[in-house]
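Trainee:
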Amino acid sequence: MESQQTLTIMSYNIRHGEGSDNVFDLDRIAEVIRASGADLIGLQEVDRYFSDRSQYEDTIAVLAEALGMHWCYAANVIEEPEPGREEHRQYGIAILSKYEIEDQQHLKLTSDKSEERGALYARVDADGTMLHFYCTHLGLEQEERLTQVQELLLASNHHKGQCCILTGDFNAHPDDPEIAKITTVFDNVFKDAPEAYTFPAGEANETIDYILINPQIQLKDKEVIHSLASDHYPIVAKVCLNA
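Numbered by my numbering, the letters in the sequence shown go through residues 40 to 282 in order.
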């Protein structure tokens, strides 16, 4: 008999912890995540020791400690320390997980000169079911994103027949060709909810944040959380893993 494992997934662009009120507050971000009940979270725009905009915090470590979760991180941007500081300034993507992270990998994506882009991969054992989980933040130009989507599809092809989830800020709308391309393989959990706007928080009129699931995963429920803790609304999906 096929076993099923249900869990809650989140994708959240946290704008380095700065809310729509332009106040940096990691406690607010942590509370949004905690209240959602999410088991696996893909985070974008995550600082580590970056600047005074995030109070030089190791943002992902602070959130993980507050939530009691495992984590991994990929810096898409690494810069020299500011004068008087030892830590290299980092900006990138992260994954928080209720489950121990058994493997992780930083996949560098083809990027233009404005900003390096990448995807962070984590493999977890979700109470007996292997799950492949990606978090990404794609580029600002459509041609760039089309290439990046193709690279994501090539990477995820290694997990064919196994449970796989992609999360992230794709900087693309649901009717854009890059979303059409990736949804030939993955299912957009908000495909039947055109009003599920995620940006900008407070007056959202764009959908650019996504949770994508492959055929081994069944969608149970979905929600846009209307929080002002960032300039993006977080999105969550309750899914069932078929093992």
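All C-beta atoms, glycine included, are put in the ideal place defined by N, C-alpha and C. Predicted, not measured: the structure shown is a model, and the values here were computed from it.
Here's a check: name, in chain order, each residue in its chain whose Cβ is nearer than 6 Å to the Cβ of ILE99, leaving out the five neighbours to either side.
Mentor: VAL85, TRP110, TYR112, ALA133
Trainee: For LEU135 and ALA103, what's the separation of their Cα atoms in angstroms?
Mentor: Across the structure, LEU135 and ALA103 are spaced so that their CA atoms are roughly 7 Å apart.
Trainee: If we call anything under 7 Å between Cβ atoms a contact, is THR47 one with LYS277?
Mentor: yes
Trainee: May I ask which residues mark the beginning and end of the alpha helix (DSSP H) holding SER136?
Mentor: Not the alpha helix (DSSP H): SER136 falls in the beta strand (DSSP E), residues 128–136.
Trainee: Could you tell me the distance, in whole angstroms, from the CA atom of ASP214 to the CA atom of TYR272?
Mentor: 20 Å
Trainee: Please go through the same chain and pick out, in chain order, the residues whose beta-carbon is closer than 8 Å to the beta-carbon of PRO29, but skip the five residues on each side of it.
Mentor: The requested residue 29 does not occur in the structure, where the chain is confined to residues 40 to 282.
Trainee: Taking ARG124 as the reference, give the member of GLN94, THR149, SER59, LEU148 with the closest Cα.
Mentor: GLN94
Trainee: Report yes if the C-beta distance between PRO239 and ASP208 is below 7 Å; otherwise report no.
Mentor: Not a contact, by the Cβ cut-off of 7 Å.
Trainee: Does GLN94 come out as helix, strand or coil in the three-state DSSP assignment?
Mentor: Coil at GLN94, not helix or strand.
Trainee: Report the residue from ALA211, THR222, VAL224, SER266 whose alpha carbon sits nearest the alpha carbon of ASP248.
Mentor: Answer by Cα proximity: ALA211.
Trainee: Would you mind working out which of THR175, GLU155, GLN143 sits nearest ALA161, comparing C-alpha positions?
Mentor: Ranking THR175, GLU155, GLN143 by Cα distance to ALA161 puts GLN143 first.
Trainee: Going by the CB atoms, is the gap between ASN196 and PHE225 shorter than 7 Å?
Mentor: Not in contact: PHE225 and ASN196 (Cβ atoms no closer than 7 Å).
Trainee: According to DSSP, simplified to helix, strand and coil, what is GLN181?
Mentor: helix
Trainee: Out of VAL263, CYS279, LYS199, ALA243, which one is the CA nearest neighbour of SER75?
Mentor: When only C-alpha atoms are compared, the closest one is VAL263.
Trainee: CA-CA distance, GLU180 and LYS147?
Mentor: 17 Å
Trainee: So, for GLU57: in the same chain, excluding its five sequence neighbours on each side, which residues have a beta-carbon less than 6 Å away from its beta-carbon?
Mentor: PHE63
Trainee: When the Cα atoms are used, what is the spatial distance from TYR138 to ASN115?
Mentor: Computed Cα separation, rounded: 24 Å.
Trainee: Could you spell out where the beta strand (DSSP E) holding GLU70 opens and where it closes?
Mentor: Segment 65–75 is the alpha helix (DSSP H) holding GLU70; no beta strand (DSSP E) there.
Trainee: Would you call the CB atoms of SER362 and LEU267 closer than 7 Å?
Mentor: Nothing about residue 362 can be read from this structure; the chain reaches only from 40 to 282.
Trainee: Let me know the secondary structure DSSP gives LYS259 once reduced to three states.
Mentor: Residue state, collapsed to three classes: strand.
Trainee: Measure the C-alpha to C-alpha separation of GLU141 and VAL163 and round it to an integer number of angstroms.
Mentor: 6 Å
Trainee: What first and last residue would you give for the beta strand (DSSP E) that runs through GLU84?
Mentor: 79–87
Trainee: I'd like the span of the alpha helix (DSSP H) that includes ALA219, first residue to last.
Mentor: Run containing ALA219: 216–221, per the alpha helix (DSSP H) assignment.
Trainee: Going by other Cβ atoms of all chains shown within 10 Å of its Cβ, with 16 needed for buried, is ASP78 buried or exposed?
Mentor: buried
Trainee: Rounded C-beta distance between HIS171 and HIS198? I'm assuming under 8 Å.
Mentor: 4 Å
Trainee: Ends of the beta strand (DSSP E) at SER50?
Mentor: 43–52
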